[in-house]
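Engineer: First to last, the sequence lines map onto chains P and X. Be aware that the first sequence starts at 34, since it is given in the numbering used here, and climbs by one per residue. Be aware that the second sequence starts at 7, since it is given in the numbering used here, and climbs by one per residue. Think of the CB as a built atom: it goes at the ideal place given N, C-alpha and C, for glycine as much as any other residue. As the structure is a prediction and not an experimental result, all values here were calculated from the model.
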Amino acid sequence: MATAARSYSRRDTILLAACVVLALIAQVLPERTRDPLAAALRHTVLAPLVALQRDAELTHRAWLTREDRVAARDSVVLRSMALDAVRQDNDHLRALLGLGARLQWGFVPAEVLQGRGVGEEYTVALSAGSRAGVREFSPVIAPGGLVGMVKTVDPTMSIAIVWSHPDFRVSAMSADGGAFGIVAAHGSSEPERYLLEMRGVPVRTLLKPGTLIVSSGLGSTFPRGIPVGTVLGEMKTSELWARTYLLRPAVLPSEMTSVMVLRPERVASGVDGVWQTGVHIDSAVKTVVAAGEALERAARAAAHADSVRTDSLRALRALRADSASRRDSVVRR
Amino acid sequence: MRPTDLARTIAAFVVLVLLHYTLRPLLGWRVSPDFLIIALLLVSIRVRPGTAAVIGLCMGIVSDSLELHAFGAGALGMALVGFSASWLKAVFFADDVLLNAFFFFLGKWAFDIIFLLAEHRLGVGELFIEMLVWSPLKGVVTAIFGLLTLMLLRPILRASPT
């Protein structure tokens with residue numbers, strides 16, 4: 034037993050010595066031998082383990098950087114939100130520049146001074162006053178259309194009532210000029226609070242949803258052709274001889290940031306061609322139709338004259354023939 | 007060792023090697039457990055010292071293939087630790103939790119010392135810091151995880167009745 038134990042011990046010792054020698058040899062191996070050997074081990078035995086380790090380290094890194102990633106994502110979202118607001122503002126300003134270019138003259142640009150006071154949903158403070166040429170009852174417009182009317186003017190600022198004000202009225206018509214009425218604030222509770230209604234439209238006139246309503250120019254406050262809103266539908270009222278239509282405003286409260294105040298001389302000369310409302314297209318169509326009708330009338334008149342002339346010639350020839358036959362008969366006699 | 011016990015030991019060994027390459031990088035600790043040492047010790051106490059030395063050499067060579075600057079150092083350390091563990095277990099230790107923990111701690115510390123001395127990379131100051139501060143800490147962590155592993159793998163590692 035002791036001999037067996039010693040032999041096992043000797044064999045173990047020999048194995049240990051061999052292992053130590055092999056390990057020392059591995060340490061002093063030249064690179065050209067060591068590197069291929071290590072590479073072979075990495076590509077075979079160790080390959081799946083290395084893949085596992087790589088995935089585990091990636092997971093660990095993802096876990097460590099999760100807060101940074103969340104913060105980065107929040108920052109990006111925040112920036113994108115701000116970017117959207119800037120883009121909307123830019124679009125609005127571009128539209129305002131376009132409106133200014135189309136108006137060309139007779140307006141005062143103004144900023145709507147935002148506040149959170151009571152009653153500001155009916156009135157807005159404008160950054161331009163009498164020194165800039167703003168007068169009472171001057172129309173306030175935006176790229177989308179009508180905003181309201183100046184109520185009070187100070188030297189450096191002014192107060193305007195917007196279309197949601199209970200006292201606001203504008204004489205309006207459909208863009209084709211087929212229906213006239215008075216537009217005022219709807220004055221209802223939510224959610225129809227910020228809508229308009231067009232009253233006094235004759236019963237015989239039907240307006241389809243989507244019809245554009247513009248200022249008619251009747252009265253001296255608002256020139257003709259400023260978009261006021263679009264028809265949403267007819268309202269049920271107790272009136273028998275007139276219809277009332279619900280309108281979606283052309284300028285929403287959120288778009289009342291930068292506006293223009295029309296000067297009196299511009300109101301007097303009108304704003305034709307500033308908005309593509311169809312009023313001028315309709316006028317042009319009417320002009321073309323009228324011109325066509327005139328041409329047709331002229332052609333008919335010319336044709337009538339020709340036929341009259343031909344008839345006259347025929348009658349004249351017949352008369353001459355008759356006279357000649359009479360003369361011949363006289364000569365025979 | 008009977009075939010059933012051999013299969014169980016191999017299963018436990020594979021689980022520990024997988025843990026070394028998954029759980030350890032997932033934890034990412036500065037003082038991390040060495041599941042390869044735990045696996046080597048678990049196997050070593052079930053085989054003869056010479057066999058344990060050969061197993062340690064093979065494990066060391068494979069793990070050294072990722073660390074070319076110390077190629078052979080890990081093999082030397084694992085061969086010596088495997089042999090010593092097998093011999094010491096046969097001579098001294100009984101099946102006791104605290105003794106097992108000390109066994110893991112000592113195995114890891116001894117391996118680190120041999121490895122650090124064999125690789126010739128660190129200066130004297132750094133070497134002493136590593137050997138006397140970090141290596142014992144790693145030994146403690148390895149001992150804790152070794153005990154946890156023993157508890158979790160108890161159904162596998164329990165010797166089959168004769």
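1) Interface residues of chain A around Glu100 (chain P) at Cβ under 9 Å?
2) List the residues of chain P that Arg160 (chain X) touches, going by C-beta distances under 8 Å, in chain order.
3) For Ala158 (chain P), name the three-state secondary structure that DSSP assigns.
4) Would you please verify whether the beta carbon of Arg65 (chain P) is less than 8 Å from any beta carbon of chain X?
5) Between the Cα of Gly303 (chain P) and those of P:Arg333, P:Leu159, P:Gly258, P:Gly243, spot the shortest distance and give me the residue it belongs to.
6) So, is the C-beta of Pro167 (chain X) closer than 8 Å to a C-beta in chain P?
7) Quick one: which chain P residues come within Cβ less than 8 Å of Pro9 (chain X)?
8) Can you tell me whether DSSP reads Glu267 (chain P) as helix, strand or coil?
9) Flag this pair as touching only if the region 101-114 of chain P and the region 261-273 of chain P have three or more C-beta atom pairs under 8 Å; answer yes or no.
10) Which value, in whole angstroms, describes the spacing of the CA atoms of Gly181 (chain P) and Ile246 (chain P)?
11) For Met289 (chain P), I'd like the list of residues in its chain whose CB is within less than 8 Å of its CB, leaving aside the five on either flank, ordered along the chain.
12) Where DSSP assigns a beta bridge to Tyr278 (chain P), which residues make up the other side?
13) If the criterion is Cβ atoms closer than 8 Å, does the pair Tyr27 (chain X) and Gln86 (chain P) meet it?
14) Starting from the C-beta of Ser92 (chain X), find all residues in its chain whose C-beta is less than 7 Å away, skip the five residues before and the five after it, and write them out in chain order.
15) My understanding is that Leu280 (chain P) touches Glu329 (chain P), with C-beta atoms under 8 Å, so please give their C-beta distance in whole angstroms.
16) Could you spell out where the beta strand (DSSP E) holding Arg202 (chain P) opens and where it closes?
17) Who are the near neighbours of Ala165 (chain P) in its chain, counting only those whose CB is closer than 6 Å to its CB and skipping five residues on each side?
18) Spatial neighbours of Arg366 (chain P) within its chain, please: C-beta separation below 7 Å, excluding the five flanking residues on both sides.
19) Could you tell me the alpha carbon to alpha carbon distance between Phe201 (chain P) and Phe213 (chain P), rounded to whole angstroms?
20) Does the beta carbon of Ala80 (chain P) come closer than 8 Å to any beta carbon on chain X?
21) Buried or exposed for His219 (chain P), please, with buried defined as at least 16 other CB atoms from any protein chain shown within 10 angstroms of its CB.
22) Does the distance from the CB of Gly78 (chain X) to the CB of Asp70 (chain X) come in under 8 Å?
23) Which whole runs of the alpha helix (DSSP H) in the region 57-140 of chain P are 4 residues long or more, in chain order?
24) Does any CB atom of chain P fall closer than 8 Å to the CB of Thr28 (chain X)?
25) Count the other CB atoms, across all protein chains shown, that sit within 10 Å of the CB of Thr277 (chain P); report buried if there are 16 or more and exposed otherwise.
26) So is Phe77 (chain X) in contact with chain P if we call contact Cβ pairs under 8 Å?
27) Looking at C-beta atoms only, is the number of pairs between the region 135-154 of chain X and the region 30-38 of chain X that lie closer than 8 Å three or more?
28) Quick check: what's the CA-CA separation for Asp88 (chain P) versus Trp96 (chain P)?
29) Quick one: is Gly243 (chain P) buried, meaning 16 or more other Cβ sit within 10 Å of its Cβ, or exposed?
30) Note down, in chain order, every chain P residue with its Cβ under 7 Å from the Cβ of Ser50 (chain X).
31) Closer than 8 Å by beta-carbon distance: list the chain P residues that pair up with Gly34 (chain X), in chain order.
32) Pick helix, strand or coil for Lys241 (chain P), following the three-state DSSP scheme.
33) Determine which residues share a DSSP beta bridge with Phe213 (chain P) and list them.
34) Is Asn106 (chain X) buried or exposed, if buried means 16 or more other CB atoms sit within 10 Å of its CB?
35) By how many angstroms is the C-alpha of Ala18 (chain X) removed from the C-alpha of Ala115 (chain P)?
36) Would Arg333 (chain P) pass as a contact of Ser171 (chain P) if the rule is Cβ separation under 8 Å?
Structural biologist: By the coordinates alone:
1) You won't find chain A in this structure, because its protein chains are P and X.
2) On the second sequence, position 154 is the one that residue 160 (chain X) refers to. None at all; the shortest Cβ gap to chain P is about 25 Å.
3) Residue 158 (chain P) sits at position 125 when you count from the first residue of the first sequence. Three-state DSSP puts Ala158 (chain P) in a strand.
4) Position 32 of the first sequence holds residue 65 (chain P). Chain X contact via Cβ: absent.
5) Counting from one through the first sequence, the residue named residue 303 (chain P) turns up at place 270. Here the closest residue by C-alpha is P:Gly258.
6) Here residue 167 (chain X) is taken as the residue at index 161 of the second sequence, counted from 1. Low per-residue confidence applies at Pro167 (chain X): pLDDT is 49, beneath 50, and the placement is therefore not dependable enough to give any value.
7) The count along the second sequence starts at 1 and reaches residue 9 (chain X) at position 3. Going along chain P, no residue has its Cβ under 8 Å from Pro9 (chain X), so there is no contact; the nearest lies around 21 Å.
8) Translated into the one-based positions of the first sequence, residue 267 (chain P) becomes position 234. Three-state result, Glu267 (chain P): strand.
9) no
10) Position 148 of the first sequence, counting from 1, holds the residue named residue 181 (chain P). Position 213 of the first sequence, counting from 1, holds the residue named residue 246 (chain P). Near 15 Å, if we compare the C-alpha coordinates of Ile246 (chain P) and Gly181 (chain P).
11) By 1-based counting over the first sequence, the position of residue 289 (chain P) is 256. Excluding residues within five positions, the ones whose Cβ falls inside 8 Å are Val145, Val157, Ala175, Val180, Val195.
12) Numbered from its first residue, the first sequence carries residue 278 (chain P) at position 245. Tyr278 (chain P) pairs with P:Met231, P:Glu267.
13) By 1-based counting over the second sequence, the position of residue 27 (chain X) is 21. By 1-based counting over the first sequence, the position of residue 86 (chain P) is 53. For the 8 Å CB-CB criterion, Tyr27 (chain X) and Gln86 (chain P) form a contact.
14) For this step, residue 92 (chain X) is matched to residue 86 along the second sequence. Within the same chain, Ser92 (chain X) has close Cβ partners Ser50, Ile51, Val53, Arg54, Pro55, Ala58.
15) What you label residue 280 (chain P) is simply residue 247 of the first sequence in a count that begins at 1. What you label residue 329 (chain P) is simply residue 296 of the first sequence in a count that begins at 1. Contact doesn't hold; Cβ gap of about 39 Å is too wide.
16) Mapped onto the first sequence, residue 202 (chain P) falls at position 169. Element bounds for Arg202 (chain P): 202-207.
17) Walking along the first sequence from the start, residue 165 (chain P) turns up at place 132. Closer than 6 Å at Cβ, skipping near neighbours: Val141.
18) Looking up residue 366 (chain P) in the first sequence gives position 333. Because the pLDDT at Arg366 (chain P) is just 48, under 50, the model does not fix this residue reliably, and the value given afterwards should be weighed accordingly. Nothing listed; no residue qualifies.
19) Your numbering for residue 201 (chain P) matches position 168 in the first sequence. Your numbering for residue 213 (chain P) matches position 180 in the first sequence. Distance between the alpha carbons of Phe201 (chain P) and Phe213 (chain P): 17 Å.
20) The residue you call residue 80 (chain P) lines up with position 47 of the first sequence. Closer than 8 Å: no.
21) Counting from one through the first sequence, the residue named residue 219 (chain P) turns up at place 186. Result: buried.
22) Start at 1 with the first residue of the second sequence, and residue 78 (chain X) comes out as number 72. Start at 1 with the first residue of the second sequence, and residue 70 (chain X) comes out as number 64. Against a cut-off of 8 Å, the Cβ pair of Asp70 (chain X) and Gly78 (chain X) comes out as a contact.
23) DSSP runs (the alpha helix (DSSP H)) wholly in the region 57-140 of chain P: 64-76, 80-97, 99-136.
24) The sequence position of residue 28 (chain X) within the second sequence is 22, counting from 1. Taking Cβ atoms only, chain P reaches closer than 8 Å to Thr28 (chain X), which makes this a yes.
25) Position 244 of the first sequence, counted from the first residue, corresponds to residue 277 (chain P). Classification of Thr277 (chain P): buried, given that the 10 Å Cβ count is 16 or more.
26) Here residue 77 (chain X) refers to the residue found at position 71 when the second sequence is read from its first residue. Yes, its Cβ sits closer than 8 Å to a Cβ of chain P.
27) Counting C-beta pairs with one atom in each stretch, the region 135-154 of chain X and the region 30-38 of chain X have three or more that are closer than 8 Å, which means they touch.
28) Your numbering for residue 88 (chain P) matches position 55 in the first sequence. Your numbering for residue 96 (chain P) matches position 63 in the first sequence. Rounded to the nearest angstrom, the two C-alpha atoms are 12 Å apart.
29) Numbered from 1 along the first sequence, position 210 holds the residue referred to as residue 243 (chain P). Result: exposed.
30) Stepping through the second sequence from its first residue, residue 50 (chain X) is reached at position 44. Per Cβ cutoff of 7 Å: no residues; Ser50 (chain X) is ~12 Å from chain P at best.
31) To locate residue 34 (chain X), count along the second sequence from 1; it is residue 28. Within 8 Å Cβ-Cβ: Glu90, His93, Leu97.
32) Position 208 of the first sequence, counted from the first residue, corresponds to residue 241 (chain P). Three-state result, Lys241 (chain P): coil.
33) Residue 213 (chain P) sits at position 180 when you count from the first residue of the first sequence. Beta-bridge pairing links Phe213 (chain P) to P:Met206.
34) Taking the second sequence and counting its residues from 1, one reaches residue 106 (chain X) at position 100. Answer is buried; the Cβ neighbour count reaches 16.
35) For the purposes of this step, residue 115 (chain P) is taken as the residue at position 82 of the first sequence. For the purposes of this step, residue 18 (chain X) is taken as the residue at position 12 of the second sequence. So the two alpha carbons sit approximately 57 Å from each other.
36) Here the question's residue 333 (chain P) lines up with position 300 in the first sequence. Here the question's residue 171 (chain P) lines up with position 138 in the first sequence. No.
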